[in-house]
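The working numbering numbers the first residue of the sequence shown as 1 and each following residue consecutively.
All remarks here apply to the structure that follows.
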Amino acid sequence: MFNFLPLTAVVWAVLIGSFPASVHPFVHRPNDAKELSTAFGGARPTRSQFSLSKVRAIARGGSTGSSTLALSVDQSDVQHLIFELSKEEVRALQTYSEECASWKEGAAQPEFAYPDLAKKIKEVYDENGVVLVRGLMDEILLENLIEAGLHVLQKEKMAFDTDAFNSVKFGPVFGGPTVGISGATSTNEDILLSSFRSAALKSPVSSCIGALLLDLGSHLGSTDESSNLRLLNDVFLAKGGNDESYCGWHIDDAVFWPCSPRHSPPGVNAWIAMDDIPAKYGGAMAVIPKSHKAEWSGEAQHAIGHTITHPPEGFANPGELFQTLSKTCEIATISPKLNDRMEQEGILFDFQKGDVLMMNRFTWHRSVQVTPEGKKYFANKEDDNDSSEIVLKRYTIRYEIGSTPLIRGAAMHPSILYDASNSGKKIDDAVASSGPFFPKCWPAVSEDEMLQLPEMVDVKLPKAQEKREAMMAELMAKLGPPTK
1 MFNFLPLTAV VWAVLIGSFP ASVHPFVHRP NDAKELSTAF GGARPTRSQF
51 SLSKVRAIAR GGSTGSSTLA LSVDQSDVQH LIFELSKEEV RALQTYSEEC
101 ASWKEGAAQP EFAYPDLAKK IKEVYDENGV VLVRGLMDEI LLENLIEAGL
151 HVLQKEKMAF DTDAFNSVKF GPVFGGPTVG ISGATSTNED ILLSSFRSAA
201 LKSPVSSCIG ALLLDLGSHL GSTDESSNLR LLNDVFLAKG GNDESYCGWH
251 IDDAVFWPCS PRHSPPGVNA WIAMDDIPAK YGGAMAVIPK SHKAEWSGEA
301 QHAIGHTITH PPEGFANPGE LFQTLSKTCE IATISPKLND RMEQEGILFD
351 FQKGDVLMMN RFTWHRSVQV TPEGKKYFAN KEDDNDSSEI VLKRYTIRYE
401 IGSTPLIRGA AMHPSILYDA SNSGKKIDDA VASSGPFFPK CWPAVSEDEM
451 LQLPEMVDVK LPKAQEKREA MMAELMAKLG PPTK
């Protein structure tokens, strides 16, 4: 399956003479990335300044430090953020989504059968920028998703070591593109990998976000705002039980969230736990409730060069964009004072398999290193499972409203690389002109878009990759020839 590479990892892969098949920007954020980024915007260091060992060290992870948690693991602090839905409530959610999908102009507005529940979840989400919802993943789909993750772990190995994640796969939603298409041939592997697509597009996860958190049912019939919820980006991650590095406090940059930060309401990040991960052992995701509207958030956004600080017309060249990407995970280095405050306000959940953590696009979060106690705990789990290595699996999905514009200027998303005219377009319009780079998932999946997936995977994504490689070759040329 075709796998797209984020810019930063490609730069380092070129420097160390390898081209990784599966990488993720969270695990490739150097503390000293400024030295490399100046090659594309300021002074021009030569290739000799970047030794093999130096670049390998750079690529080994984001922040490091003590693995003793300062974050709150007290579950009484997070209970108000947790909603456990019954099977009846989940079925009602799916029924409401189906009614929204079949709604016609002039008909009565569909109504969710549990309005008090919908109101409460949305109020808590709007106030805190985060909720954890249980019960959305049915047992069979969850088992299939976990099996698909294990398959990825066995097949997709990192081309160079990273201390932050054991395995990473970008864009698994495009796996098994022929599955479900009448007359098309699909292998057992295709069917297994299509579990990612089922979870991201067809499960109650997208229904909960589209129907409840973003209330897109109220947009039905609107000519100004789209009622479509679309998948923006997705990635499968697996953190090893001994991994200590992590990406510091951040909100997603232009690689993960390649669209305007000024559209309202903001998109939603869904983080699906594929293992039980107790808070006190680390290894999961920490969040800061209410940080999406915190008074310090603007200062922190400027510190890490978030997309909202970019010029409205975007950057003229990828080198300028790259300089901002290198800071995403480095708030602890850039502003220790802000980082200390975040550590005081951050919380952790006791994640259960199938839990879905839903975060406002602007909610600050970070990955969490495994604690010393966690290493012992997970080592025992390894023994229990007769496995040589335990990994903590998660599937993360970014969702956006179809009327949200893509970023302008330099961009690394395949939709813009494939067709530069998509820059600044609304997501719905980019899909209409170029294909389902951003598959629709609410109020219903588009069958027409699903029929286009094989062409996406076999033709359009490879074409975009060719353009990315040409762009990277041009950027690397700015380093000049090797010197002794």
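Yeah, the Cβ is synthetic: ideal placement off N, Cα and C, and Gly gets one too.
Open item on the list: Between the alpha carbons of E343 and T371, how many angstroms are there, rounded?
Closed with: 16 Å
TODO: Taking only the alpha-carbon atoms, compute the straight-line gap between Q79 and A332 and give it to the nearest angstrom.
DONE: 28 Å
Task: Residues sharing a beta bridge with G409, DSSP - done: F315
- [ ] Please classify G248: is it buried, with 16 or more other beta-carbons within 10 angstroms of its beta-carbon, or exposed?
- [x] buried
TODO: Output the residue ranges of the beta strand (DSSP E) runs that lie fully inside the segment 285 to 316 and measure 3 residues or longer, sorted by chain position.
DONE: 285 to 287
Open item on the list: Just to confirm, is the Cβ distance from S76 to L348 under 8 Å?
Closed with: no
TODO: Can you give me the Cβ contacts of P405 inside the same chain, cut-off strictly under 7 Å, excluding the 5 residues immediately before and after it?
DONE: C259, S260, H263, G424, K425, K426
- [ ] Could you check what DSSP says for V356 in three-state terms: helix, strand or coil?
- [x] strand
Open item on the list: Comparing C-alpha positions only, which one of V287, P204, P172, S227 sits nearest to S195?
Closed with: P172
Open item on the list: Would S86 and G135 qualify as a contact pair, given that the criterion is a beta-carbon distance under 8 Å?
Closed with: yes
Task: Proximity below 8 Å, CB of A303 to CB of L338 - done: yes
TODO: Let me know if P436 comes out buried or exposed under the rule of 16 or more other beta-carbons within 10 Å of its beta-carbon.
DONE: buried
Open item on the list: Please identify the residue among D138, R341, R408, M472 whose C-alpha is closest to the C-alpha of A254.
Closed with: R408
Open item on the list: Cutting at 6 Å between CB atoms, please list the residues of its own chain near K145, excluding the five before and the five after it.
Closed with: The sequence shown places Leu at residue 145, not Lys. Around L145: S195, A199.
- [ ] Assign H365 to one of three DSSP states: helix, strand, or coil.
- [x] strand
Open item on the list: I need the straight-line Cα distance from F256 to K290, nearest angstrom please.
Closed with: 21 Å
Task: Status (buried if at least 16 other CB within 10 Å, exposed otherwise) for A300 - done: buried
- [ ] Using alpha carbons as the reference points, say which of Q369, P439, M412 lies closest to G402.
- [x] P439
Open item on the list: Using a Cβ-Cβ cutoff of less than 8 Å, which residues in the same chain neighbour L141 once the five nearest sequence positions on both sides are dropped?
Closed with: S195, S198, A199, S203
Task: Sheet register partners of L132 (DSSP bridge) - done: I82, L357
- [ ] Under 6 Å Cβ to Cβ from N317, same chain only, skipping five residues before and after it: list those, please.
- [x] A410
Task: Element boundaries [alpha helix (DSSP H), containing L451] - done: 447 to 451
Task: S72 - DSSP class collapsed to helix/strand/coil - done: strand
Open item on the list: On the DSSP bridge list, what partners appear for L229?
Closed with: I401, W442
Open item on the list: Judging by CA-CA distance, which residue of T307, D429, A470 is the nearest neighbour of N228?
Closed with: D429
Task: Classification of A470 by the beta-carbon crowding that lies within 10 angstroms, buried from 16 upward - done: exposed
Open item on the list: For I277, report the span of its beta strand (DSSP E) as first-last.
Closed with: Segment: none, I277 is in no beta strand (DSSP E) and carries neither H nor E.
- [ ] Would you tell me roughly how many angstroms separate the C-alpha atoms of A473 and E466, rounded to the nearest one?
- [x] 11 Å
- [ ] Put Y246 into one of helix, strand or coil per three-state DSSP.
- [x] strand
Open item on the list: For A113 and A273, I'd like the C-alpha separation in whole angstroms.
Closed with: 27 Å
TODO: Identify which residue in L231, V457, H310, G354 has its Cα closest to the Cα of S446.
DONE: L231
- [ ] Tell me whether the beta-carbon of L117 lies closer than 8 Å to the beta-carbon of I82.
- [x] no
Task: Proximity to G298 [Cα-Cα], best of E320, S335, G283 - done: S335
Open item on the list: Quick check on this structure: which residue in A211, S206, Q154, E88 has the alpha carbon closest to the alpha carbon of P110?
Closed with: A211
Task: Beta carbon of G267 nearer than 8 Å to that of Y399 - done: yes
Task: Inter-residue Cα distance where the pair is L213 and R341 - done: 28 Å
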